[in-house]
Each structure stands twice: as C-alpha cells, then as structure tokens.
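Engineer: The numbers in the sequence shown follow this note's numbering, run straight up by one, and end at 1014.
Sharing a structure with you now.
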Amino acid sequence: MLKRFFSVLLAMFVSVIGFFPSSSLNDILNKGDITGRSDLISVDDRDLPDFEVGADGIFTVLQITDTHFFNGIWYKDTKTLFAIKEQIIALKPDLVIATGDIFDGYNDNIFYNKYSAIAKLAFLFEELEQYWAYIPGNNDGEFKGSADDIAACLAEYGYCLLSDVPDLSGAANYTLSIKSGGETVHSLLLTDSGMRDETGRHRAFQPDQVEWAARTLSEIKAVAPGAKVSVFYHANTPAFCDAGASGSAYKAGYGKIPADLDNNGVPENTPIDEALRGSGIVTLVSVGHYHPSVNWCSLYESTYYHLTRASGYQATNKPGAALINIDTNGTAAQEIYTFTEIVF
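In structure tokens:
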C-alpha cells in the first residue's frame, strides 16, 4: 500500500512538471528564477503603439490588480486566468492595465514558479490578441527575479506594453497616447510606485520619477492642449487619504474611499501627488495594492482617486476588476469617466 502511495505521488509530481514551460526538474526547484533577465533584454525607450478612438470618443480600460500569480497552474491561478479571459471576451476592452502585484512575492513553496506564472499570463493575452499594459507592485520583484527582470520577460510578448526611461528609478515609467484623427485627445501615464526596503517599509516615489512625471505632463499639456491624463500606479499615496477625508463619492452604490484610509506609512509620497495635481490635466489616479472588498472611488479637487479590488483568487475569495470608460470628448472628470465594478 505504501509503495502504491509513493508511485501515485511520483506520477502526480511528474504530471505537474509537464505543465511548466520547461519540464526539467531544475526549473521546478529553482522556482522559475529569472534573475538577470534584465541584463539580457532592455525595455528602455520601447516603441509602443498609439490608440485611435472611434467616432464616439470612448476608450475602455479593464484594470486588473493584485492577482498574485503563484505558478500559473495552481488552481487559484487557473480560476483567475479564466475569470480574466471571460471578462476580456465579454467586455472587449481597448486596453487591459495590470497595476502591480501581478506575481507573488517571496514564496518558498516548492511549486512556486515565477517564470511559469509570467508565461501563462502573457500567453493568455497573446491568445486573445489583447493589448495590456503592466506596471510592477511592491511584491512582484521580491523573489527569484526583480521587477526589472519581470519587465524584460514580458517585453518578449508582442501584446504586452511597457517601457522605461533610461537611468530612471523604477522598472517601468511610460505613457500611452489615445488619439482621434491623429491628434492626442487623452494620455495614460504609468509609473512604478516602488517596492519595500530591507525593513519591510514601503519606498516612496523617487525624486527623479517625480521630476519625470511633472516634465512629461508639462509636455503633454504643451503638445495637446485640452487633453487630459489618467494615471496608473500600484500603491496609494497621501492624496487618497485626502480624497477619503474630504472628497465626494463617485456615485451612490459605488464605494467611497474611507475617511480613515491608511497611506502605507509613506508621507514622503506627497511630492508625486503635488506633481500630478499641479499639472492641471490629471483627472484620474487609479491604483491597486489595498485589496478593498469593493472598488472605491472619490472625487477630490477635480480628480477621481480610484482603488480597485484585488483581481486574484490567490489574494481574496471575492476578486474582481474595474471597467473604466474614458470619454475623450469630456473636459471635467465627471464628464470623462464611467466606472463599473466587475466581480468575478
């Protein structure tokens, strides 16, 4: 009986190995280590496509966040992948934006595999021919490969949009343009809010990132007068606390940011908030990280601050997403955005 038990166990282990992109035992035991991939593949100044809106001026974004993929074949991972696929097929978004903690952080489980998780998710978008944009969270680069290494792996997939500015802090900092008749009518700014330091404390946006964001917004304003900007990063900043305390609800029935929202102990992020607010053209800042039980959104000083619930079964029993409709013909935030909560 004992011999039969171990035979079955061995068969199950071999079958699991077969699911991975590389079926060698070493690839399983090293947990899909991608350390050093960024030394081989650069994402600096990658050419990214512009998007053209139709006659109605509507551009749709499906925001997913905090999926915490473990290896891509774990049952919670497959449930998450299936749910995302269903939503893409049903909603047909122009773009999916993944706002960090897409891959699990430190995990010493023998079946953890970062490379496999990356491949399984990226292949889903390739299969659906769906463009998606990625920015890292605080967990993505904690183990078996940095956020830069993840970005390098993802850059090998044609439908993954990400880029970085040479010598700038963070693994991904870039913009995407939405155009009508060849003219920019709205822009998306995506930036890396950083990881945690050796003590476990969240790092703040670095000064060079703040300067880059301010300069980029100024350039957009000069080139495309009247265009507004939606900003996406991972972890909420102090402005979200202000929006909770003093902002107004997006609408009845859609969660309002709580008045006592925690700012993750990073008051040093005030400069990025001031840079975005001071531009006069940012009308949305949307993040993940917090794992709220429902999506939260509040209007504060002419800008919507939005937190999307976790999208992975690895992170929560009730995952979901946000569908964000951007009306590029609108001028004020209330005219531009329609938010719909998605529950998987």
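We put the CB at the ideal spot given by N, CA and C, even for glycine.
In terms of residues, what are the limits of the alpha helix (DSSP H) holding residue 786?
Structural biologist: 784-798 is the extent of the alpha helix (DSSP H) around residue 786.
Engineer: The alpha helix (DSSP H) spanning residue 882 covers which residue range?
Structural biologist: 877-893 is the extent of the alpha helix (DSSP H) around residue 882.
Engineer: Taking the alpha-carbon positions, what's the residue 856 to residue 847 distance?
Structural biologist: About 6 Å.
Engineer: So, with DSSP's three-state summary, where would you put residue 753?
Structural biologist: Helix at residue 753.
Engineer: Less than 6 Å separating the Cβ of residue 873 from some heavy atom of the ligand SAM?
Structural biologist: Ligands displayed in this structure: none; no statement on the ligand SAM is therefore possible.
Engineer: Which residue's Cα is closest to the Cα of residue 1006: 973, 984 and 877?
Structural biologist: Cα-wise, what sits closest to residue 1006 is 973.
Engineer: Decide if residue 963 is buried, meaning its Cβ has at least 16 other Cβ atoms within 10 Å, or exposed.
Structural biologist: Its Cβ having fewer than 16 others within 10 Å, residue 963 is exposed.
Engineer: Thinking C-alpha only, which one of 999, 737 and 933 is nearest residue 725?
Structural biologist: Nearest option by C-alpha distance: 999.
Engineer: Please classify residue 710: is it buried, with 16 or more other beta-carbons within 10 angstroms of its beta-carbon, or exposed?
Structural biologist: Burial call: exposed.
Engineer: Determine whether the beta carbon atoms of residue 956 and residue 976 lie at a separation below 7 Å.
Structural biologist: Yes, the pair counts as a contact, with Cβ atoms nearer than the cut-off.
Engineer: How far does the beta strand (DSSP E) with residue 902 in it reach, from first residue to last?
Structural biologist: Note, residue 902: beta strand (DSSP E), 898-902.
Engineer: Give the straight-line distance between the Cα atoms of residue 850 and residue 881, rounded to the nearest whole angstrom.
Structural biologist: Cα to Cα, residue 850 sits roughly 29 Å from residue 881.
Engineer: Rounded to a whole number of angstroms, what is the C-alpha to C-alpha distance between residue 829 and residue 981?
Structural biologist: Answer to the nearest angstrom: the Cα atoms are 20 Å apart.
Engineer: Taking only three categories from DSSP, how would you classify residue 849?
Structural biologist: Note: residue 849 maps to strand in three-state DSSP.
Engineer: Where does residue 767 sit, in a helix, a strand or coil, going by DSSP?
Structural biologist: Three-state result, residue 767: strand.
Engineer: In the structure shown, what three-state DSSP assignment does residue 707 receive?
Structural biologist: Helix at residue 707.
Engineer: Bridge partners of residue 730, per DSSP?
Structural biologist: DSSP output for residue 730 lists 995 as bridge partner(s).
Engineer: Can you give me the start and stop residues for the beta strand (DSSP E) that residue 973 sits inside?
Structural biologist: Note, residue 973: beta strand (DSSP E), 973-977.
Engineer: Give the straight-line distance between the Cα atoms of residue 1002 and residue 946, rounded to the nearest whole angstrom.
Structural biologist: Residue 1002 and residue 946: Cα-Cα distance of roughly 16 Å.
Engineer: Based on Cα-Cα distance, which residue from 818, 723 and 808 lies nearest to residue 704?
Structural biologist: The shortest Cα separation from residue 704 among 818, 723 and 808 belongs to 818.
Engineer: I need the DSSP call for residue 716, collapsed to helix, strand or coil.
Structural biologist: Residue state, collapsed to three classes: coil.
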